[in-house]
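Numbering (full-length UniProt numbering), first residue to last: 1 to 1101.
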């Protein structure tokens, strides 16, 4: 017996004690290898492997009186992999929906025989009825060292098969109190109260559609420790009706207490139950996640980016390609425009979600960035290191017994006269077969579809899936259930990468260490796993923890945190072994009650800020108490196909010492119906609202831009406000920009008439500088939009300051600036090093343009030809070469839009059909063909002729944009294109040209609306703070809400590394519109303003 002696350890704030780690290490079996020329994963021939029992779906009630229950409810079936006979080889229990189930005993590597009949687990139908089976869970429920089997059924008592150890099982669910008769889907086990016993959470779905179309309540059963379970659902905080498909245990905040995520179908939102440590849970889904999936199906958890924090993945039903989407999910609502969501409900979207743990109480969502948002009608979501490279890959199963979202069939069903006739439409249609998908993790949140290359692309209807090392060679094989067929077993024949497999030899009543957390450290970095057996959907797998190690042959450190709080550390473990670790004894104290909880730390409900975080939020304590409001306005009335709302572009922030006390004061602008507010700084670092707020007289104006400048040459900063938004028409007096003169003591008065031209444009970006060298500060004001006429070009303005009166000199000084486009950001900076301020302007659907200043005129010089939805600008020397570089915010790569120079995302605007009406049509490329973004129904509301031209959704889905509207019509309307959506840096070269480099992938999670370029951590190197999000896209596109604010640490050489939000201490969960840096004693103080949110102030700790 090998031993490793530890030093004392405290892990992540959990009370723990260190003990000697007793373990054994035995070599893994030799790796299997693919045949010459074969792919690295080999799908076994079912008959040759002994997989002979099909998953039968022949319940006549499905196409009769229970049509809705059995097609809208829990259709899925699962598998359970465990060593049921104790011979060291994993076996497979496979659910059959309505036929006999199979127990496949593995008699040799990848050779199986069905022993269900003699084991007593075929689950025959009740007399005169049908057994409708769903989930299977292997769990040692009586802690005798043998896996037992729990099977969930629809409207029949669930079954608990106790393993007798002789190849047979005895059904004893009633004796244990687990003979639940309901719409049971799956049971998942964990010790939620940490009393040592495994408790049970039971997922349910629809039982009787007419009585409760939103499903049933789930159940939480407490293990009493005496062979019985008690229903503690109500008192534990588990609430409401659910249409559940999956529940997974995970320790979301790493406090040692198992939390729970429940994936619910349809409009019932998912539940995210945080364990409070007192036997109860709190559902925190609304406050911790930016949005949830709508048709939630499968789920899994794991550390996707190797940052030591557990992330999780929830699948939905988003179609994989344009043709499927246009005949499927796009038409579920038949294109009806949803009203704005209820403000107190979390948004639900019909695509997968990848939630990234930030080390705080909030998650970011990255499904589109990872490329895993649209995987079809997806059931199981599974994480595992399939190629042993040290990174978790993803595998999903998909398909459906019928394509119930086929819009043409839905129309056919809708005119059927009876329920039976409606059911017949579907019964007589074909199953929806889809390929399974595998995504290889490339690191840095980048995944690639490796399904075909790996041989993991079976075309089938597949449900529950387990990942297990069936032959003990250190790589993960796959087992998944199929519709009307035996399960698929896939042998992993990859040969690259080392691995280690960990088995926990726990003490009863948790002999497998369920709930433990294991962390591996190698020269390549950190990996973390949490041991819970039930994952994916309706399935379970062996309690073994697999770590791929890539090229590393030694585990420098393995840390095990046991469910009861003990911590063990093993060092310098060789790869290629099955390592079995014995659970240490609990420390003894004077009473059994003390023994029970002596080393268990308290549950963490609110994650405290990290002690080493750079910043801490202090707005309220510093007196910056202000919440930005937004007056609702329906822009879709006038432009039904508008891609994104423009209401709510503010607020803006501006800072200056307005009262000459040597301290930076702060102004935040107000939207329509809310006046802006000036805060005066105090010597102690706090702020107080100024007594005088003259802009309150113009509260109806939507002030979207603000800047302080000395407009009248008296040395005091005056205030310019750009009035914009979309609630007033072009030319309205409320759109005229305004100027307020400062008396030098912080008291402002409106500038006299004539000081500023009346512009009547919806403006936003504003920048001030003395561009002509006359000692007076001039202004650039960018036009943002023409209200109600997007994307018509507004006017932009260059104003020369002529002694406190501003004159429009745009056309004479800066040709091309007037009609530059939809301007979003602007600033003055000496970019070319000639001591004169140049003008940088960013535009939506345009380029970032540098207007070079020669002292008399400004000449346009686009940085590159890359058009984008540019949204923010900053200038700094990022690489220390003495040249100014330009940091540019863009839309990011975490939305449904994708663009390149060859295949841009496009918008067409004009009269497409000779009707005299102007409409908008979005388009993107798929497989080289330009196709509409919106579906037949949505376009049909604007173009009444379109449904006649394409009488079926299938015909429409096959049409290109040119097919639909005609190439001649498209040539006659306005076309806008974006070729680059990534945020990045235009790096200035020695010859004055610029090369674009995208920022790290973490910076692409959301649109960037504001950039602060400063040394944020005190290391004398430039860092970046990016804030953003955009809540304005039309409802079915969904919010662009992937950002919590991001600090990028610079190395002084042009490279940046993303800091976890927990490490940065900057958390900005809303729609951040502006950020400004104020001076501070310990470094910059950062103020962030969010639309419909409070002001935030971040100060160095």
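Backbone N, C-alpha and C define an ideal beta-carbon position, used for all residues, glycine too. These numbers were taken from a predicted model, which means no experiment stands behind them.
In whole angstroms, what is the alpha-carbon distance linking residue 40 and residue 437?
-> Taking the first residue of the chain shown as position 1, residue 40 is located at position 40. Taking the first residue of the chain shown as position 1, residue 437 is located at position 437. Cα-Cα distance, rounded: 15 Å.
Whole-angstrom distance between residue 76 and residue 201, CA atom to CA atom = Here residue 201 refers to the residue found at position 201 when the chain shown is read from its first residue. Here residue 76 refers to the residue found at position 76 when the chain shown is read from its first residue. Between residue 201 and residue 76, the C-alpha separation is close to 18 Å.
Taking residue 108 as the reference, which of 1080, 90, 671 has the closest Cα?
-> Working through the chain shown from its first residue, we reach residue 108 at position 108. Checked all of 1080, 90, 671; the closest Cα to residue 108 is 90.
N- and C-terminal bounds of the beta strand (DSSP E) containing residue 394 = The residue given as residue 394 occupies position 394 in the chain shown. Looking at the DSSP string, the run of the beta strand (DSSP E) that includes residue 394 is 393-398.
Report the residue ranges of all beta strand (DSSP E) runs contained in full by the segment 615-681; include only those spanning at least 3 residues, in chain order.
-> 615-617, 653-656, 665-668, 677-681
Does the beta-carbon distance from residue 1090 to residue 1070 come in below 7 Å?
-> Taking the first residue of the chain shown as 1, we reach residue 1090 at position 1090. Taking the first residue of the chain shown as 1, we reach residue 1070 at position 1070. Contact: yes.
What distance in whole Å lies between the Cβ atoms of residue 941 and residue 331, which are believed to be in contact at a cut-off of 8 Å?
-> Start at 1 with the first residue of the chain shown, and residue 331 comes out as number 331. Start at 1 with the first residue of the chain shown, and residue 941 comes out as number 941. 13 Å between Cβ atoms; not a contact.
DSSP state of residue 869 mapped onto helix, strand, coil = Residue mapping note: residue 869 aligns to position 869 of the chain shown, counting from 1. Residue state, collapsed to three classes: strand.
Would you list the residues sitting across from residue 745 in a DSSP beta bridge?
-> Here residue 745 corresponds to residue number 745 of the chain shown, with the count starting at 1. Beta-bridge pairing links residue 745 to no other residue.
I think residue 179 touches residue 163, with their Cβ atoms under 8 Å apart; what is that distance to the nearest whole Å?
-> As a first step, residue 179 is located in the chain shown; it is residue number 179 there, counting from the start. As a first step, residue 163 is located in the chain shown; it is residue number 163 there, counting from the start. Their Cβ separation, rounded to whole angstroms, is 18 Å, which puts residue 179 and residue 163 out of contact at 8 Å.
Where does residue 1049 sit, in a helix, a strand or coil, going by DSSP?
-> The count along the chain shown starts at 1 and reaches residue 1049 at position 1049. DSSP places residue 1049 in strand when its eight states are reduced to three.
Chain-order list of residues whose beta-carbon lies under 6 Å from that of residue 189 (same chain, five-residue window excluded) = In the chain shown, counting from the first residue as 1, residue 189 sits at position 189. Cβ within range, chain order: 139, 198, 200.
DSSP beta-bridge partners of residue 332 | Reading the chain shown from its first residue, position 332 is the one you call residue 332. Partner(s): none; residue 332 has no beta bridge.
Taking Cβ positions, are residue 629 and residue 704 nearer each other than 7 Å?
-> Here residue 629 is taken as the residue at index 629 of the chain shown, counted from 1. Here residue 704 is taken as the residue at index 704 of the chain shown, counted from 1. Going by C-beta atoms, residue 629 is not nearer than 7 Å to residue 704.
Expressed to the nearest angstrom, what Euclidean distance is found between the alpha-carbon atoms of residue 808 and residue 882?
-> Here residue 808 refers to the residue found at position 808 when the chain shown is read from its first residue. Here residue 882 refers to the residue found at position 882 when the chain shown is read from its first residue. Using only the alpha carbons, I get a separation of about 34 Å.
Residues of its chain near residue 590, where Cβ-Cβ distance is below 7 Å and the 5 sequence neighbours each way are ignored = Within the chain shown, residue 590 is the residue found at index 590, counting from 1. The predicted model places residue 590 with a pLDDT of 40, which falls under 50 and marks its position as unreliable, so this point remains unresolved.
Report the rounded CA-to-CA distance for residue 506 versus residue 22, giving the unit in angstroms.
-> What you label residue 506 is simply residue 506 of the chain shown in a count that begins at 1. What you label residue 22 is simply residue 22 of the chain shown in a count that begins at 1. Residue 506 and residue 22: Cα-Cα distance of roughly 12 Å.
Going by the CB atoms, is the gap between residue 565 and residue 514 shorter than 7 Å?
-> Counted from its first residue, the chain shown places residue 514 at position 514. Counted from its first residue, the chain shown places residue 565 at position 565. Contact flag unset, no.
Entirely enclosed beta strand (DSSP E) segments - the segment 536-612, minimum 3 residues = 544-550, 554-561, 567-574, 577-582
Helix, strand or coil: which one does DSSP assign to residue 937?
-> Reading the chain shown from its first residue, position 937 is the one you call residue 937. Of the three classes helix, strand and coil, the one that applies to residue 937 here is helix, per DSSP.
Whole angstroms is fine: what's the gap from residue 1099's alpha carbon to residue 153's?
-> Start at 1 with the first residue of the chain shown, and residue 1099 comes out as number 1099. Start at 1 with the first residue of the chain shown, and residue 153 comes out as number 153. So the two alpha carbons sit approximately 56 Å from each other.
Look at the alpha carbon of residue 959 and the alpha carbon of residue 974, and state the distance between them as a whole number of angstroms.
-> As a position in the chain shown, residue 959 is number 959, starting the count at 1. As a position in the chain shown, residue 974 is number 974, starting the count at 1. About 21 Å.
DSSP-derived helix/strand/coil call for residue 413 | The residue labelled residue 413 in the question sits at position 413 within the chain shown. Residue state, collapsed to three classes: helix.
Determine the DSSP secondary structure at residue 1099, reduced to helix, strand or coil.
-> Translated into the one-based positions of the chain shown, residue 1099 becomes position 1099. Residue 1099: strand per DSSP, three-state reduction.
Around the Cβ of residue 627, are there at least 16 other Cβ atoms within 10 angstroms (buried) or fewer (exposed)?
-> Numbered from 1 along the chain shown, position 627 holds the residue referred to as residue 627. Residue 627 should be labelled exposed.
From which residue to which residue does the alpha helix (DSSP H) around residue 968 run?
-> Along the chain shown, one-based indexing puts residue 968 at 968. Residues 967-971.
In three-state terms, what does DSSP make of residue 36?
-> Here residue 36 refers to the residue found at position 36 when the chain shown is read from its first residue. Coil at residue 36, not helix or strand.
For residue 106: DSSP bridge partner residues = Numbered from its first residue, the chain shown carries residue 106 at position 106. 112, per the DSSP bridge assignment.
Can the beta-carbon of residue 187 be found less than 7 Å from the beta-carbon of residue 246?
-> Position 187 of the chain shown, counting from 1, holds the residue named residue 187. Position 246 of the chain shown, counting from 1, holds the residue named residue 246. It is not a contact, given that the beta carbons lie outside the stated cut-off.
In angstroms, rounded to a whole number, what distance separates the CA positions of residue 210 and residue 68?
-> Start at 1 with the first residue of the chain shown, and residue 210 comes out as number 210. Start at 1 with the first residue of the chain shown, and residue 68 comes out as number 68. Those two C-alpha atoms are separated by around 9 Å.
Is the beta carbon of residue 1105 sitting closer than 7 Å to the one on residue 297?
-> As displayed, the chain neither begins before 1 nor continues past 1101, which places residue 1105 out of reach and without an answer.
Quick one: complete beta strand (DSSP E) runs, 3+ long, within the segment 1045-1089?
-> 1046-1050, 1056-1058, 1071-1078
Looking at C-beta atoms only, is the number of pairs between the segment 1003-1022 and the segment 871-878 that lie closer than 8 Å three or more?
-> yes
So residue 1038 and residue 269 are in contact, right, with Cβ under 8 Å, and what is the actual spacing, rounded?
-> For the purposes of this step, residue 1038 is taken as the residue at position 1038 of the chain shown. For the purposes of this step, residue 269 is taken as the residue at position 269 of the chain shown. About 15 Å; that fails the 8 Å criterion.
What residues match up with residue 1102 in a beta bridge as DSSP calls it?
-> An answer regarding residue 1102 cannot be provided, because it is not within the stretch 1 to 1101 covered by the chain.
Tell me, please, which residues DSSP counts as bridged to residue 858.
-> Taking the chain shown and counting its residues from 1, the one referred to as residue 858 is at position 858. Its beta-bridge partners are 853.
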